[in-house]
Amino acid sequence: MNNFIVGNWKMNKNREEAINYIEDLKLFSKDIKDTKIVLAVPFTLLESVSKSLNGSKIDVCAQNMFYEEKGAYTGEISPAMIKDFAKYVIIGHSERRKYFNETNEIINKKIRAALKHDLKIIFCIGETLDQRNNNETKSTIETQLREGLNGLNHENIKNVIIAYEPVWAIGTGNTATSKQAQEVHEFIRQLINDLYNAEIASNLIIIYGGSVNPNNANEILSMKDINGCLPGGASLDPSSFIKIIKC
Ligand code: 13P
369 MNNFIVGNWK MNKNREEAIN YIEDLKLFSK DIKDTKIVLA VPFTLLESVS
419 KSLNGSKIDV CAQNMFYEEK GAYTGEISPA MIKDFAKYVI IGHSERRKYF
469 NETNEIINKK IRAALKHDLK IIFCIGETLD QRNNNETKST IETQLREGLN
519 GLNHENIKNV IIAYEPVWAI GTGNTATSKQ AQEVHEFIRQ LINDLYNAEI
569 ASNLIIIYGG SVNPNNANEI LSMKDINGCL PGGASLDPSS FIKIIKC
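Residue 369 is where the sequence shown starts when you use this note's numbering, and the numbers rise one by one after that.
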């Protein structure tokens with residue numbers, strides 16, 4: 369499978385911009401088959417985007433959530449609140465790790481909480497440039513995976529999609545080469561094989577994110593262990609997002 373495409377809008381778009389985008393996307397994506405399209409939108413847009421995507425095959429995704437069910441956590445959003453509008457949630461994005469100090473332990477709590485509410489999880493992992501230069505890519509990925517997935521059983525893991533997003537490739541225009549990405553994806557699949565089993569590993573969806581655009585998507589998506597991609601900047605414009613989907 370190499371057709372799982374998630375657009376991550378990050379902190380962009382107000383309601384009007386979002387609705388116009390969705391109208392264009394629905395029009396462009398009419399003849400797209402056999403591709404799962406998911407849009408990760410800000411919390412403020414979950415309701416309006418899910419309404420305007422109603423009846424389409426495009427799914428909505430939240431970009432984060434808190435792990436508690438409810439209570440005195442000013443400014444936070446619970447899994448049950450997300451579940452009202454979205455099927456998916458991104459957990460562990462490097463921007464959350466960097467700006468909001470999310471650790472593997474916090475990310476693991478979030479993943480477990482999302483599973484309790486039957487959300488599908490897009491679990492992001494990836495090394496920084498220093499870690500890559502110090503030959504720590506695989507050990508970083510392994511720690512993020514083991515700690516992030518701690519306590520998940522064979523059924524749980526089927527609701528997890530892994531997104532490999534090298535931090536140095538995000539928003540920089542420096543995409544990983546298809547060979548670099550494939551090498552890490554293969555390593556991730558092998559780890560899942562070791563932690564779970566061969567069937568789970570071969571069915572696992574592993575997508576790549578980090579400066580994906582219409583010009584490099586084809587090459588990245590042609591790799592054996594890359595099952596889709598997660599564009600950020602290039603998903604903000606419906607025509608470039610559609611070009612990526614068509615790859
Ligand atoms: P860019 O495509 O803008 O590099 O962002 C990737 C990303 O972080 C998606 O989650």
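Where is the CB? At the ideal position from N, CA and C, for every residue including glycine.
The model shown is predicted, which means the values in this text are computed figures rather than measured ones.
Determine the closest residue to residue i out of the options, with distance taken between C-alpha atoms.
i, options, result
"V409", "T403, K455, Y435 and T442", "K455"
"E436", "N388, R500 and K477", "K477"
"L513", "A549, D498 and I556", "I556"
"K398", "R500, S418 and S424", "S424"
"Q550", "E463, L589, E444 and M379", "L589"
"K484", "N380, S570, N501 and L520", "L520"
"I573", "G541, Q499, N527 and G600", "N527"
How about residue i and residue j: do their beta carbons lie closer than 8 angstroms?
i, j, result
"T496", "V552", "no"
"R383", "L413", "yes"
"I529", "I575", "yes"
"T442", "N472", "no"
"V457", "D427", "no"
"G578", "E523", "no"
"L468", "S418", "In the sequence on display, residue 468 carries Phe and not Leu. It is not a contact, given that the beta carbons lie outside the stated cut-off."
"F411", "G460", "no"
Tell me whether residue i sits in a helix, a strand or coil according to DSSP, three-state version.
i, result
"D427", "strand"
"G516", "helix"
"F468", "coil"
"Y532", "strand"
"K592", "coil"
"Y389", "helix"
"F491", "strand"
Any Cβ of chain C within less than 8 angstroms of the Cβ of residue i?
i, result
"P582", "Judged by its chain identifiers, the structure shown contains no chain C, having just a single protein chain."
ask   = Would the stretch 595 to 614 and the stretch 555 to 569 be scored as touching if the rule is three or more Cβ pairs under 8 angstroms?
value = no
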